[in-house]
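Q:
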Amino acid sequence: WLQFAGDLIGQGKEAAKKALADKPDLAKKIVDAIMAKRLAAAPAA
Numbered sequence: 117w118l119q120f121a122g123d124l125i126g127q128g129k130e131a132a133k134k135a136l137a138d139k140p141d142l143a144k145k146i147v148d149a150i151m152a153k154r155l156a157a158a159p160a161a
């Protein structure tokens, strides 16, 4: 199973892809979390 923040997304890659396509709010939540983490880790210019 793939999960994010306690939410079960799907069992296997294809099921997870379908679940994220069916639940755009969950996909956005994941993308926002990834971007926040990347921006926090970026070196200051």
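Following our numbering, the numbering of the sequence shown begins with 117 at its first residue and continues without gaps. Backbone N, C-alpha and C fix where the C-beta goes; we use that ideal spot for every residue, glycine too.
(1) Between the Cα of GLN119 and those of ALA137, LEU142 and ASP138, spot the shortest distance and give me the residue it belongs to.
(2) By how many angstroms is the C-alpha of LEU124 removed from the C-alpha of LYS139?
(3) Cutting at 8 Å between CB atoms, please list the residues of its own chain near LYS145, excluding the five before and the five after it.
A: In short, the structure shows the following:
(1) On the sequence shown, residue 119 is found 3 positions in, with the first residue counted as 1. The option with the nearest alpha carbon to GLN119 is LEU142.
(2) Counted from its first residue, the sequence shown places residue 139 at position 23. Counted from its first residue, the sequence shown places residue 124 at position 8. Approximately 12 Å, taken between the alpha carbons.
(3) Walking along the sequence shown from the start, residue 145 turns up at place 29. Excluding sequence neighbours, LYS145 sits near PHE120 and ALA121.
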